[in-house]
Every structure is written in structure tokens, then in C-alpha cells.
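2 protein chains.
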Amino acid sequence: MNNFDYKNETHIIFGRGTQSRVGELTKEQADKVLLHYGTGSIKRSGLYDEVIASLNEAGVEFVELSGVLPNPRVSLVRKGIEICRRENIRFILAVGGGSVIDSAKAIAMGVDSEDDIWDIFLQGKPTLEALKLGTILTLPATGSESSVNTVISNDEDERKVGYGAPPLRPVFSILNPELFFTLPKEQLTYGASDMMSHIFERYFTNTVNTDLTDALCEGALRTIMKNALILRDDFNNYDAWAEIGFSGYVAHKGLLGLGRDEDWACHAIEHELSAIYDVPHGAGLSVVTPSWMKYVMKENLPIFVQFAVKVMGVDGSFREQEKIALEGIRKLEEFYKAMGLPTTFKELGIEEDKIELMAKKATRIAFGQERQLGKLKKLSWQDVLKIYEGCCK
Amino acid sequence: MNNFDYKNETHIIFGRGTQSRVGELTKEQADKVLLHYGTGSIKRSGLYDEVIASLNEAGVEFVELSGVLPNPRVSLVRKGIEICRRENIRFILAVGGGSVIDSAKAIAMGVDSEDDIWDIFLQGKPTLEALKLGTILTLPATGSESSVNTVISNDEDERKVGYGAPPLRPVFSILNPELFFTLPKEQLTYGASDMMSHIFERYFTNTVNTDLTDALCEGALRTIMKNALILRDDFNNYDAWAEIGFSGYVAHKGLLGLGRDEDWACHAIEHELSAIYDVPHGAGLSVVTPSWMKYVMKENLPIFVQFAVKVMGVDGSFREQEKIALEGIRKLEEFYKAMGLPTTFKELGIEEDKIELMAKKATRIAFGQERQLGKLKKLSWQDVLKIYEGCCK
Numbered sequence: 392m393n394n395f396d397y398k399n400e401t402h403i404i405f406g407r408g409t410q411s412r413v414g415e416l417t418k419e420q421a422d423k424v425l426l427h428y429g430t431g432s433i434k435r436s437g438l439y440d441e442v443i444a445s446l447n448e449a450g451v452e453f454v455e456l457s458g459v460l461p462n463p464r465v466s467l468v469r470k471g472i473e474i475c476r477r478e479n480i481r482f483i484l485a486v487g488g489g490s491v492i493d494s495a496k497a498i499a500m501g502v503d504s505e506d507d508i509w510d511i512f513l514q515g516k517p518t519l520e521a522l523k524l525g526t527i528l529t530l531p532a533t534g535s536e537s538s539v540n541t542v543i544s545n546d547e548d549e550r551k552v553g554y555g556a557p558p559l560r561p562v563f564s565i566l567n568p569e570l571f572f573t574l575p576k577e578q579l580t581y582g583a584s585d586m587m588s589h590i591f592e593r594y595f596t597n598t599v600n601t602d603l604t605d606a607l608c609e610g611a612l613r614t615i616m617k618n619a620l621i622l623r624d625d626f627n628n629y630d631a632w633a634e635i636g637f638s639g640y641v642a643h644k645g646l647l648g649l650g651r652d653e654d655w656a657c658h659a660i661e662h663e664l665s666a667i668y669d670v671p672h673g674a675g676l677s678v679v680t681p682s683w684m685k686y687v688m689k690e691n692l693p694i695f696v697q698f699a700v701k702v703m704g705v706d707g708s709f710r711e712q713e714k715i716a717l718e719g720i721r722k723l724e725e726f727y728k729a730m731g732l733p734t735t736f737k738e739l740g741i742e743e744d745k746i747e748l749m750a751k752k753a754t755r756i757a758f759g760q761e762r763q764l765g766k767l768k769k770l771s772w773q774d775v776l777k778i779y780e781g782c783c784k
Numbered sequence: 392m393n394n395f396d397y398k399n400e401t402h403i404i405f406g407r408g409t410q411s412r413v414g415e416l417t418k419e420q421a422d423k424v425l426l427h428y429g430t431g432s433i434k435r436s437g438l439y440d441e442v443i444a445s446l447n448e449a450g451v452e453f454v455e456l457s458g459v460l461p462n463p464r465v466s467l468v469r470k471g472i473e474i475c476r477r478e479n480i481r482f483i484l485a486v487g488g489g490s491v492i493d494s495a496k497a498i499a500m501g502v503d504s505e506d507d508i509w510d511i512f513l514q515g516k517p518t519l520e521a522l523k524l525g526t527i528l529t530l531p532a533t534g535s536e537s538s539v540n541t542v543i544s545n546d547e548d549e550r551k552v553g554y555g556a557p558p559l560r561p562v563f564s565i566l567n568p569e570l571f572f573t574l575p576k577e578q579l580t581y582g583a584s585d586m587m588s589h590i591f592e593r594y595f596t597n598t599v600n601t602d603l604t605d606a607l608c609e610g611a612l613r614t615i616m617k618n619a620l621i622l623r624d625d626f627n628n629y630d631a632w633a634e635i636g637f638s639g640y641v642a643h644k645g646l647l648g649l650g651r652d653e654d655w656a657c658h659a660i661e662h663e664l665s666a667i668y669d670v671p672h673g674a675g676l677s678v679v680t681p682s683w684m685k686y687v688m689k690e691n692l693p694i695f696v697q698f699a700v701k702v703m704g705v706d707g708s709f710r711e712q713e714k715i716a717l718e719g720i721r722k723l724e725e726f727y728k729a730m731g732l733p734t735t736f737k738e739l740g741i742e743e744d745k746i747e748l749m750a751k752k753a754t755r756i757a758f759g760q761e762r763q764l765g766k767l768k769k770l771s772w773q774d775v776l777k778i779y780e781g782c783c784k
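Chains as they are written, first to last, in our numbering: chain A, 392 to 784; chain B, 392 to 784.
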């Protein structure tokens with residue numbers, strides 16, 4: 392187990408009806424806020440009216456900025472930064488899924504900075520202070536509600552870039568599983584895929600002596616798969632949404648990776664798909680992940696065997712390690728398919744002639760830099776290309 | 392799953408050599424602190440000198456208060472309160488195990504209060520503000536390093552009373568598994584028993600739809616048992632101590648009980664043993680827990696079957712639920728014995744003629760009040776008596 396430092400101070404308010412507390416919780420932080428949301432689903436669901444009523448009752452003034460798209464754009468972030476500066480706003484209330492929260496985080500870090508916000512992302516400049524933020528989560532997936540991370544896209548240069556800094560962790564996040572009932576059905580599948588990937592990025596590691604976090608990861612993965620399948624057939628099942636919502640938070644609150652080398656290759660490899668093709672992150676991950684697994688598994692067969700046995704329920708002779716590992720990956724693909732998730736580029740409409748460019752962008756070769764991806768196996772652009780090729784069959 | 396609120400802001404600094412950061416971490420909080428510790432083990436191990444050097448280097452002034460005993464006494468707490476008032480101290484650095492940290496918490500809550508500290512414990516008056524505290528943990532067991540709880544004993548009236556309030560959560564806690572190498576061997580067994588009990592108190596619940604926390608509890612329990620047995624035979628095994636130290640923190644950081652009714656009968660039942668006989672908490676728990684399990688298991692056979700199968704590895708026909716549940720309890724007793732823990736009152740030197748008084752004290756009948764213990768099954772004093780009787784065989 393590696394040494395680690397851990398602190399996650401996000402206050403989670405979880406359960407039925409909890410959105411009614413947003414006014415009170417926000418008022419503790421600020422008298423005037425930026426109310427940030429997406430393209431109107433919260434109006435259709437009635438959540439918007441509830442939030443406004445609660446803010447009004449608590450005497451919280453707000454300025455609205457809506458229009459966040461999936462794969463949130465830096466252009467809207469710039470708008471948000473301007474509004475906060477102009478209106479002297481020091482707190483952002485993000486009502487939506489991971490994209491809205493990520494957009495809010497980017498605004499929060501840009502307001503007091505002299506640098507252009509996209510430069511901060513590209514250059515990874517540290518953020519020591521930011522506006523505070525609170526969230527009401529309407530889509531469990533990214534774990535952004537209690538993470539320090541944000542991912543922003545730029546239409547101009549077709550890039551999607553992740554960033555993280557401790558001041559970006561939300562002060563509070565409200566999770567009411569009832570709010571998930573009105574989601575488009577495919578958001579369940581994308582969300583499950585994304586939160587599973589957050590665990591995979593931590594689980595598949597060369598670090599040894601990780602009994603506790605192994606077990607926590609395995610339990611969370613089994614919980615997500617079981618309950619995602621329940622929801623596939625019974626979308627308004629509160630209890631199953633509660634497990635999914637809770638798991639999405641636990642998957643990315645930091646705990647599951649403590650003391651482990653984390654990988655994060657699949658996320659980086661997926662970001663290139665979303666950047667060029669604007670595919671849903673969760674759909675990109677279900678394509679990329681099995682291909683990554685097959686490409687890297689020989690680096691550390693035991694952890695892939697452990698995954699197969701303890702997470703995917705594979706049985707068989709332990710003398711055939713590779714077979715067991717492959718069967719685990721096959722069962723994962725089977726789960727993705729059962730959820731209606733894609734497992735090939737073809738299903739995403741991604742053309743083979745773009746994959747070399749994507750591999751070079753992912754590793755920054757395309758920008759005259761160079762970075763290897765991942766930790767379990769360090770991946771060059773040629774490795775990434777092979778993984779993309781694996782998605783073409 | 393129940394609604395829940397959760398926040399745990401303790402900064403955990405985990406791993407080899409981390410005690411060297413105590414000066415820097417303390418300096419961020421205060422220029423002058425109360426340095427609180429036990430009866431000298433930290434001097435013998437050399438930790439005391441390291442702490443002093445680090446505090447001096449960071450320019451932190453300190454006043455010492457040593458002498459905390461297992462089952463920490465309110466008399467020393469009163470002394471600490473006086474010192475902090477007199478010396479105008481606003482931060483406490485607790486270096487030790489759960490007793491030292493619990494004692495520090497009681498001091499922290501008493502300094503600004505007009506009420507006598509023992510009255511606050513007895514009457515459960517809320518604590519809205521307290522001095523802040525940081526810890527260096529030398530004994531993983533109570534989880535006090537990131538919990539809001541404290542338990543204090545009073546020699547005068549032979550009572551041991553628990554208390555909890557959010558301001559008591561430590562600001563930071565340093566956990567270096569190397570520091571556990573110098574512990575007396577029995578502290579491993581008591582610690583393992585205590586942290587397992589923290590999970591049992593959350594795991595055995597009538598709340599349903601708790602997939603995620605079930606799995607997290609089960610994984611943590613298996614991790615503790617596996618690594619405690621490793622340490623029994625190889626006491627200086629860093630990796631096993633890391634798992635135990637990490638698990639003790641996770642067991643009581645609050646996460647594992649989220650959305651579940653928690654029980655806490657065994658802790659209350661055990662406190663009466665420690666109060667009168669001054670037995671180690673973990674030793675009392677290994678006696679009381681199996682007896683409690685056998686007495687209450689019919690209230691919720693499925694969760695005891697789940698425990699037997701998923702934690703204790705019991706196999707058998709699921710048509711014989713009670714048999715499987717009992718076999719799980721028997722295997723738990725087997726584990727306790729393998730660790731050298733007692734499972735009967737006889738081993739603790741507890742006489743049968745005291746048990747009625749203990750049952751009446753635990754339920755507060757003895758003090759002209761009345762409280763039922765537990766949640767899975769609500770226990771009257773007669774129930775508690777039966778559980779004590781079960782410890783006499």
C-alpha cells in the first residue's frame with residue numbers, strides 16, 4: 392500500500408425530498424449565487440421551480456446561467472466567469488449532472504484568475520483558490536458532486552481536457568434518487584458505465600497489499616451492475632436508484648483509490664472520442680474499456696483474474712489464468728450489451744481513419760508534446776492506437 | 392435505504408514516516424497547543440522525541456498533559472480543561488490510541504462550556520463548538536481519529552458514558568502503521584475486536600436495500616480478520632498493519648452506516664463491563680458480541696445468514712437458515728479464540744452476581760431512568776440480563 396493523504400469535506404445530503412434543503416444550505420454559504428444548469432430538463436421535471444422556491448424562501452438572490460451541454464464547453468464557462476465578476480458572485484449552485492457541475496467548477500476556478508481559463512486547463516496550472524460551489528445532482532455518473540475534478544471541451548480545437556484541484560470539491564451536494572426517475576433511459580447506462588470506469592481506473596493497479604480497497608472496489612462494482620440491471624427493467628425503482636446514486640458518489644469520492652497507483656488511461660483514451668465525435672462519455676468508455684483490458688491484461692494477470700472471479704463471478708480452473716481473465720472481460724462486455732451500451736466503434740459511428748490522429752492527440756504527440764497514458768501499463772501513442780484498433784472489430 | 396446526511400472532513404495522512412509532518416500540520420491550526428498523551432509508551436518508542444522535534448521546528452509552543460489511562464477518566468479531562476483555560480490554548484494534539492483521543496475530545500468540548508463536563512456526558516447536552524484537535528494514532532482500534540465520538544469513564548460512580556457531536560471530529564489524523572510495531576501484542580487483538588464491532592453495529596440492521604454498504608462492511612470485516620491473523624504470527628508486518636489501520640479508520644468514519652439504522656447495543660452492553668471491571672473494551676466486546684448475536688438472530692435471520700456466508704465463509708444448505716447463522720457465530724468465536732480474545736465472563740474475571748446490576752445500569756434503570764438498547768432488537772434490562780447470562784457459560 393502506498394502512503395496517502397485524504398480529505399473529502401463535501402457534505403452529502405441524500406434521500407427523498409432533500410432538494411427542499413437547498414435554500415437553507417446555500418444561504419449558509421452566500422446571499423447571492425450563480426444558478427447554473429443545462430438545457431431545460433430541470434424545468435420540465437419541476438425541479439427548477441422547487442429550487443427557485445427554496446432559494447427565495449431562504450432569501451438567496453441568484454443570477455441564472457443555463458445552457459450547459461453534455462461535454463461542457465469552455466465558451467459557456469467564459470460567460471459564467473464574466474457574470475460572476477460583473478455581479479460580484481462568490482458561490483455557484485450547480486443543478487444538473489456531471490456536465491453542469493464540471494462547468495460550474497471551471498467557472499469557479501476562473502473568476503479570480505488572471506489567466507485564460509482554457510490555458511489553465513491546457514497547462515495544468517495549479518488552482519489554490521476558487522469560488523465555492525454546491526450541487527443538486529440530477530444524474531449519477533461522473534462523481535463530480537464530491538470530486539475535485541472537472542472535464543471541459545473546446546469546440547474550436549476539438550479538445551477535451553481534464554483538470555483537478557482541491558478547492559474545486561463542492562461544499563455540499565444534494566442527491567435525491569427520486570430526481571433520477573425523469574432521466575432519459577440511456578443516461579442510466581452511460582452513468583453506470585462511467586462510475587464503473589472510475590472504479591476500474593483505481594482497481595487495476597500494480598500496487599500490492601491493497602486488501603481493503605480491493606474489497607471496497609469489488610463490492611461497489613457488483614452493486615452498480617446488479618442495480619443497473621434492475622433499473623433497466625424497472626426504471627422508477629427508488630431503491631435501485633439509491634444504490635446507483637450512492638455508488639456513483641463512493642466510486643469517485645477518492646476513498647477507493649487510497650494507497651493505490653491509479654491508472655486513468657481509459658478516461659484519457661475515451662476523451663478523444665468525445666472531443667471529436669461528441670459521443671456520451673459512458674458510451675465511449677464501454678467501447679474503450681474491454682479493448683484496453685485485453686491489451687494490458689498480461690502486464691498483471693492476477694488482478695484481472697481477481698476481477699473475473701470476485702466481480703464478474705467467473706468460475707474455472709485457476710491453472711488457466713488467462714482464460715479466466717478473458718472470461719471476466721467477456722462477461723463485462725455481456726453486461727454492457729445487456730444494458731444497451733456499445734462495445735465497438737462502429738456503433739458509435741467512429742471511422743477507422745481518425746484513430747491514428749486520436750491516438751496522437753491522446754498522448755499529446757499531435758501537439759508537439761508527449762505523455763504516456765496509464766500506470767498499470769504505460770501506453771505510448773502506438774499502444775493507444777492498438778487499443779483503438781481493438782475497438783474496430 | 393434511509394435518507395442520510397454525511398460529512399467527514401478529517402484530513403488523513405497515512406503511511407511510513409508521516410509523523411514528521413505533525414509540526415507543519417499543527418502550525419496551520421495554532422501557535423500553542425495542549426500536547427496530550429498516555430502513560431509513557433510514546434517516550435519509550437521514541438515517538439515523543441520526534442513529535443517534540445517537529446513541533447519545535449515548526450515553532451509550535453506546547454503544554455503537556457500526560458497520564459491518560461485506558462478507559463480515560465473524567466478527572467484527567469477536568470485537569471486538561473483547566474490547563475487550556477489558564478494557558479489560553481485553542482488546539483489539542485492527541486498522541487496515542489483511542490483513549491488519548493477520546494480524552495482530548497472531552498477536554499475540547501469542556502473548555503468553553505459553563506456546564507460540568509461529566510454533566511454534559513450524562514445529560515447528552517449538545518456541543519455546538521469545541522476546541523479543534525489533531526491526532527497521531529498509535530493504536531488502531533476505536534476509530535476515534537476520524538469520528539465524532541468519545542467515551543469517558545468516571546471512577547467515582549463506576550460509569551462509562553459515550554458522547555458524540557460534529558465539532559469533535561479531528562481536523563487531521565496521522566496514521567503510520569510503523570508506529571504500531573511497538574504495541575503490546577494484546578492491543579492488536581483488542582483493536583481488531585473493537586473495529587469489527589464498529590462494523591457489526593452498522594451491519595446488523597433491519598434496514599433493507601443496503602447493497603452497497605452491506606458489501607463495504609463485508610469487505611472491511613474480511614480484511615480485518617485476514618490481516619489480524621497475519622499479524623498474530625508476524626507482528627512487524629507493515630502491510631498487514633496498514634490494512635488494519637486503514638480498516639479501523641474506514642470502520643468508524645461514518646460511511647459504512649449511511650442509510651442504515653445502526654444498532655450499538657453491544658457497545659452499551661460492553662461499557663458496563665469496562666466501567667466496573669476496567670476490562671479492555673475489545674476484550675469485553677469479544678465476550679458480549681456472540682452472546683448478543685445468538686440472542687437476537689431470530690429477529691432477522693437473513694442478515695445473520697448473509698454474515699455467515701459472505702463474511703465467515705460458511706457453506707451449507709440455505710434451507711437451514713438457523714444452522715448457517717449459528718455456524719457463522721461459531722466461526723466468529725473461533726476467530727476471537729485464535730486471536731487469544733476471551734469469549735466468556737470467566738476469562739474476564741466477571742462474577743455472575745454483578746450481572747443484574749450491570750443490566751440495570753446499561754439500560755439506566757439503576758439511575759431511575761429507562762432506555763432500551765439497540766435497534767435490530769430493542770433490548771430491555773431483562774434482555775440485557777439474558778445476554779450477560781449467555782456470557783457466563
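Yeah, the Cβ is synthetic: ideal placement off N, Cα and C, and Gly gets one too.
Does the distance from the CB of residue i to the CB of residue j come in under 9 angstroms?
i        : j        : result
A:His786 : B:Lys398 : Residue numbering for chain A in the displayed model covers 392 to 784; residue 786 of chain A lies beyond these limits and cannot be assessed.
B:Ala666 : B:Asn393 : no
A:Lys516 : A:Asp506 : yes
A:Asp585 : A:Thr533 : yes
B:Gly501 : B:Val562 : no
B:His427 : B:Ser457 : yes
B:Ile480 : B:Leu425 : yes
A:Glu663 : A:Lys752 : yes
A:Gly553 : A:Asn545 : no
A:Pro531 : A:Trp632 : yes
Express the C-alpha separation of residue j and residue i in angstroms, rounding to a whole number.
i        : j        : result
B:Glu742 : B:Asp669 : 14 angstroms
B:Phe626 : B:Lys576 : 8 angstroms
B:Leu460 : B:Thr573 : 18 angstroms
B:Thr580 : A:Gln763 : 45 angstroms
A:Phe758 : A:Glu415 : 47 angstroms
A:Asp706 : B:Val702 : 20 angstroms
B:Val454 : B:Ser445 : 15 angstroms
A:Gly610 : B:Glu609 : 9 angstroms
A:Leu649 : A:Asn600 : 12 angstroms
A:Gly406 : A:Gly645 : 22 angstroms
B:Glu792 : B:His589 : With chain B covering only 392 through 784, there is no way to say anything about residue 792 of chain B.
B:Pro568 : B:Gly636 : 7 angstroms
A:Leu522 : A:Lys470 : 15 angstroms
In this structure, does DSSP put residue i in helix, strand or coil?
i        : result
B:Val454 : strand
B:Glu419 : coil
B:Phe563 : strand
B:Arg464 : strand
B:Ile480 : coil
B:Glu780 : helix
B:Lys523 : strand
B:Ser342 : The structure shown does not extend to residue 342 of chain B, since chain B is modelled only from 392 to 784, so the question has no answer here.
A:Glu400 : strand
B:Ser504 : coil
B:Ser535 : coil
Between the Cα of residue i and those of the options, spot the shortest distance and give me the residue it belongs to.
i        : options                                : result
B:Met587 : B:Ser638, B:Ala656, B:Pro575, B:Phe563 : B:Ser638
A:Arg721 : A:Thr734, A:Glu711, A:Lys745           : A:Thr734
A:Leu647 : A:Trp683, A:Asp602, A:His662           : A:Asp602
B:Ala750 : B:Leu767, B:Asp774, B:Ala631, B:Tyr629 : B:Asp774
B:Ser682 : B:His658, B:Gly650, B:Gln712           : B:His658
A:Ala421 : A:Ile483, A:Gly431, A:Ser445           : A:Ile483
B:Gly781 : B:Leu732, B:Val679, B:Glu690, B:Gly650 : B:Val679
A:Ile565 : A:Phe395, A:Leu723, A:Leu732, A:Thr417 : A:Thr417
Any heavy atom of the ligand MN inside 8 angstroms of the beta-carbon of residue i?
i        : result
A:Ala556 : With respect to the ligand MN, the structure shown offers nothing to examine, as it has no ligands at all.
**Asked** Quick one: complete alpha helix (DSSP H) runs, 4+ long, within the region 713-776 of chain A?
**Response** 736-739, 746-753
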